[in-house]
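Protein chains: 2
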Amino acid sequence: MKISYKSDYALKTLLELALNYNKGVVSINDLAKKGDIPYKFLEQVLLTLKKGGFVDSKRGMSGGYYLAKPPDNITLGEAIRFIEGPIEPLICASKKRYDECKDFNTCALKDIWHQVYTATSMVIDSITFAELVRRAKAKQKGFPNYVYTI
Amino acid sequence: MKISYKSDYALKTLLELALNYNKGVVSINDLAKKGDIPYKFLEQVLLTLKKGGFVDSKRGMSGGYYLAKPPDNITLGEAIRFIEGPIEPLICASKKRYDECKDFNTCALKDIWHQVYTATSMVIDSITFAELVRRAKAKQKGFPNYVYTI
DNA sequence: TATAATTACTATTAATTTAGTAGTCATTAT
DNA sequence: ATAATGACTACTAAATTAATAGTAATTATA
Numbered sequence: 068m069k070i071s072y073k074s075d076y077a078l079k080t081l082l083e084l085a086l087n088y089n090k091g092v093v094s095i096n097d098l099a100k101k102g103d104i105p106y107k108f109l110e111q112v113l114l115t116l117k118k119g120g121f122v123d124s125k126r127g128m129s130g131g132y133y134l135a136k137p138p139d140n141i142t143l144g145e146a147i148r149f150i151e152g153p154i155e156p157l158i159c160a161s162k163k164r165y166d167e168c169k170d171f172n173t174c175a176l177k178d179i180w181h182q183v184y185t186a187t188s189m190v191i192d193s194i195t196f197a198e199l200v201r202r203a204k205a206k207q208k209g210f211p212n213y214v215y216t217i
Numbered sequence: 068m069k070i071s072y073k074s075d076y077a078l079k080t081l082l083e084l085a086l087n088y089n090k091g092v093v094s095i096n097d098l099a100k101k102g103d104i105p106y107k108f109l110e111q112v113l114l115t116l117k118k119g120g121f122v123d124s125k126r127g128m129s130g131g132y133y134l135a136k137p138p139d140n141i142t143l144g145e146a147i148r149f150i151e152g153p154i155e156p157l158i159c160a161s162k163k164r165y166d167e168c169k170d171f172n173t174c175a176l177k178d179i180w181h182q183v184y185t186a187t188s189m190v191i192d193s194i195t196f197a198e199l200v201r202r203a204k205a206k207q208k209g210f211p212n213y214v215y216t217i
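Protein chains in written order, with the working numbering: chain A, 68 to 217; chain B, 68 to 217.
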């Protein structure tokens with residue numbers, strides 16, 4: 068149930084750019100160092116994020132990347148789904164496949180995966196990068212902001 | 068965020084054995100056909116499940132597998148964790164690593180993964196194979212038992 | 001206008017994980 | 001004895017993920 072390094076890198080980077088929103092560009096180099104991400108790998112991730120409309124860039128000397136839209140207009144869910152692809156634990160747990168289901172036993176299991184998927188979606192679709200920025204800043208100020216949702 | 072085929076096969080098989088609890092053994096062959104699982108692969112999965120104490124077997128002619136403990140004594144969570152290993156989306160989202168966290172930005176993201184992990188755990192740790200059997204049987208009787216938890 | 005710093009793009013390779021296959025041995029009901 | 005079954009170990013293949021390499025294009029600025 069792991070997420071890939073690619074997604075991890077992408078999200079960390081988006082958060083970094085969100086922290087820098089409206090403050091100019093950040094170079095790949097700085098982003099790579101800050102996030103401890105292999106430069107060349109990050110380069111590709113950023114190109115992907117650009118295609119997805121999450122970031123934009125300025126080329127040439129003193130160029131770099133910046134968030135293409137306001138942080139409160141990007142949810143974690145959008146970003147994750149874009150980078151990671153479908154996040155259903157089982158492909159067949161998607162609505163369409165689910166409806167076609169004919170094997171009653173495994174269907175009982177699919178219900179579970181569907182529940183897991185729904186629970187996960189609720190978490191990641193309801194938080195924006197603006198909120199993440201708020202939390203990150205709160206932490207920096209020494210107010211730990213643990214979130215236990217039980 | 069996918070689960071592996073191995074886990075999928077393991078859970079389907081456990082459910083099948085749970086449906087057959089106290090009704091004797093089921094051969095690998097039957098389990099493989101029923102679950103549409105490659106025989107040799109299932110063989111290995113079953114050996115793993117046996118080491119984990121989930122199933123037991125009877126060797127020789129008319130041998131086969133059976134659940135090693137009552138279905139209401141096995142949660143999905145136990146089985147998944149045993150086959151799949153840790154289910155945290157990020158390894159560093161585990162409690163220990165989490166406490167050591169020093170990078171405030173990525174910590175904000177780790178909070179999220181922790182939430183996802185918690186939400187997932189709540190689903191899979193609170194359902195037993197006995198309950199899955201009940202649901203599977205209900206479906207067979209023509210009472211679809213969709214579970215939407217929103 | 002030369003230079004250095006930077007993004008853009010494409011291709012390749014390496015590493016890891018996952019999925020599946022093969023073959024031989026051991027056990028047991030009939 | 002034999003046929004049907006599980007036990008065990010090793011291997012291979014396929015897919016995915018992670019990372020690297022190299023060259024081209026762009027741009028600030030000295």
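Backbone N, C-alpha and C fix where the C-beta goes; we use that ideal spot for every residue, glycine too.
If distances are taken between C-alpha atoms only, which option among B:A205, B:G102 and B:M68 comes closest to B:L81?
B:G102
Examine chain B for any beta-carbon lying closer than 9 Å to the beta-carbon of A:Q182, and answer yes or no.
yes
Could you pull the DSSP bridge partners for A:G131 from this structure?
A:K125
So B:T187 contacts chain A; which residues on that side make the cut at Cβ distance below 8 Å?
M68, V183, A186 and T187
B:V200, enclosing alpha helix (DSSP H) - first and last residue
Its alpha helix (DSSP H) spans residues F196 to Q207.
Chain-ordered chain A contacts of B:K73 [CB-CB under 7 Å]:
Neighbours of B:K73 on chain A: none; closest Cβ ~13 Å, over 7 Å.
If you compare alpha carbons, which of B:N87, B:L176, B:S71 and B:S94 is closest to B:S129?
B:S94
Check whether the Cβ atoms of A:K69 and B:P156 sit closer than 9 Å, and answer yes or no.
yes
Would you mind telling me which residues of chain A sit closer than 8 Å to B:P156, beta carbon to beta carbon, in chain order?
M68, K69 and I70
In three-state DSSP terms, what is B:V93?
strand
Which residues in the same chain have their Cβ closer than 6 Å to the Cβ of A:N87, if we skip the five residues on either side of it in sequence?
V93
Pop quiz: A:I194 and A:T115 are said to be a contact at Cβ under 8 Å. What is the actual Cβ separation, rounded to whole angstroms?
Rounded, the Cβ-Cβ distance is 21 Å, inconsistent with contact.
Please compile the residues from chain B whose C-beta is within a distance smaller than 8 Å of the C-beta of A:V190.
Those are I179, Q182, V183 and A186, listed as they occur along chain B.
Taking the alpha carbon of B:P138 as the reference point, which residue from B:G120, B:R126 and B:G127 has its own alpha carbon closest?
B:G120
Cβ of A:L109 less than 9 Å from any chain B Cβ?
no
Neighbourhood of B:G91 by C-beta, 8 Å cutoff - its chain only, sequence neighbours within 5 removed:
Within the same chain, B:G91 has close Cβ partners G131 and Y133.
Under 9 Å Cβ-Cβ, which residues of chain B neighbour A:K100?
Those within 9 Å of A:K100 in chain B number zero; the least Cβ separation is about 13 Å.
Is B:A85 near the ligand FAD - that is, is its Cβ less than 8 Å away from at least one heavy atom of it?
Within the structure as shown, the ligand FAD is missing, as the structure has no ligands at all.
Can you pull the chain B neighbours of A:L116, defined as C-beta to C-beta under 9 Å?
Result: empty, since nearest Cβ-Cβ is about 15 Å, beyond 9 Å.
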